[in-house]
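These notes concern the structure reproduced below.
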Amino acid sequence: MSLIYLQGYPEHLLAQVRTLIDQQRLGEVLQQRYPDAHQVLSDKALYDYTLAFKNRFMRSAPPISKVIWDNKIKVMKHALGLHTAISRVQGGNLKAKAEIRVSTFFRHAPEPFLRMIVVHELAHLKEKEHSKAFYQLCCHMEPDYHQLEFDARLWMTDQALRGNAA
Numbered sequence: 005m006s007l008i009y010l011q012g013y014p015e016h017l018l019a020q021v022r023t024l025i026d027q028q029r030l031g032e033v034l035q036q037r038y039p040d041a042h043q044v045l046s047d048k049a050l051y052d053y054t055l056a057f058k059n060r061f062m063r064s065a066p067p068i069s070k071v072i073w074d075n076k077i078k079v080m081k082h083a084l085g086l087h088t089a090i091s092r093v094q095g096g097n098l099k100a101k102a103e104i105r106v107s108t109f110f111r112h113a114p115e116p117f118l119r120m121i122v123v124h125e126l127a128h129l130k131e132k133e134h135s136k137a138f139y140q141l142c143c144h145m146e147p148d149y150h151q152l153e154f155d156a157r158l159w160m161t162d163q164a165l166r167g168n169a170a
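Quick note: the sequence shown, position 124, residue 128 per this note's numbering, numbers continuous.
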């Protein structure tokens, strides 16, 4: 069985995941740990949700012009979300816009997974690369960032086993 969402994790963790899958308990374990899906269903709600994190942790970061659910993001091909910085010349001025897009695959995910994705994309406003400083910023905004990222990948694995395309 291929654990495509868990590539790069240590073998001892992957063995535990394989055991849960073999016992058909992965979904049950995740459901117990994360029983509720979030209620952030519209683009406006997602923008407000993201802006609340930005205002709490990153007031000095550039403003965000757009935050939307994006059904074109394929989790395996791209990412869980995308951030873009768009610069345009308007008249004699350079206008910069920051956009965040989150895969619609996570529209019905547990709230902690959405929070992890939003934190990740917000961190890119200050740190473009996945560097030590980037992950320190993620952990500042969400202390359980690394556990949530791993568990989100477990959830994606479970969804794939259930036939829900990522």
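Each residue gets a CB set at the ideal place from its N, CA and C atoms; glycine is no exception.
If contacts are defined as beta-carbon pairs under 8 Å, then residue i and residue j qualify, I think. What distance do you get, rounded to the angstrom?
i    : j    : result
I68  : I104 : 6 Å
L126 : T54  : 7 Å
Measure the C-alpha to C-alpha separation of residue i and residue j and round it to an integer number of angstroms.
i    : j    : result
L118 : H42  : 8 Å
A102 : W73  : 15 Å
M145 : D47  : 22 Å
D52  : P116 : 16 Å
H112 : S64  : 31 Å
A137 : L50  : 26 Å
L165 : R37  : 19 Å
Q35  : Q11  : 23 Å
Q27  : V21  : 10 Å
L40  : L24  : Per the sequence presented here, residue 40 reads as Asp, with Leu not at that position. For D40 and L24, the distance between alpha carbons rounds to 21 Å.
L158 : P66  : 33 Å
Please state if the CB of residue j and the CB of residue i are separated by a distance shorter than 9 Å.
i    : j    : result
H124 : E153 : yes
K70  : L129 : no
M62  : F109 : no
V106 : I77  : yes
Keeping to the same chain, check which residues put their C-beta closer than 8 Å to that of residue i; ignore five residues upstream and five downstream.
i    : result
C143 : Y149 and H150
L18  : L7 and L10
D162 : L30, G31 and L34
Ignore the nearest five residues each way along the sequence and tell me which others in residue i's own chain have a CB closer than 7 Å to its CB.
i    : result
K132 : none
*Unbroken stretches of the alpha helix (DSSP H), 4 residues or longer, contained in the region 116-165*: 136-145 and 149-165
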